[in-house]
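Novice: Numbering (the UniProt record's numbering), first residue to last: 1 to 55.
Idealized CB from N, CA, C, for every residue including glycine.
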Amino acid sequence: MALILEFSTLKVLSDSLTLARAISGNIQSKEIIGIVKGIRAISSGFATISFYHVS
């Protein structure tokens with residue numbers, strides 16, 4: 001939806017620390033590698049994208 005609306009900046013919040021670290025490139029996890037690849041593919045359409053861990 002954000003790409004359709006032509007947003008150039010995206011902030012992503014996740015309660016999964018493993019996911020947040022994997023997306024940031026700090027760790028690799030076999031369990032979520034497919035999810036991370038999908039997120040990276042989608043995020044390439046944005047000029048700026050930030051990932052945050054929330055508890």
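So, helix, strand or coil for V36, using DSSP?
Specialist: Of the three classes helix, strand and coil, the one that applies to V36 here is helix, per DSSP.
Novice: Go through its chain and collect everything with a Cβ distance to A2's Cβ below 7 angstroms, but skip five positions before and after it.
Specialist: Hits under 7 angstroms: L10.
Novice: Measure the CB-CB distance between I39 and I23 and report whether it falls below 7 angstroms.
Specialist: A contact, by the Cβ cut-off of 7 angstroms.
Novice: Below 7 angstroms CB to CB, which residues in the same chain sit around I32 once its five sequence neighbours on both sides are set aside?
Specialist: Once the five neighbours on either side are set aside, the close Cβ partners of I32 are T18, L19 and A22.
Novice: Between V12 and F46, is the Cβ-Cβ spacing less than 7 angstroms?
Specialist: No. Outside cutoff.
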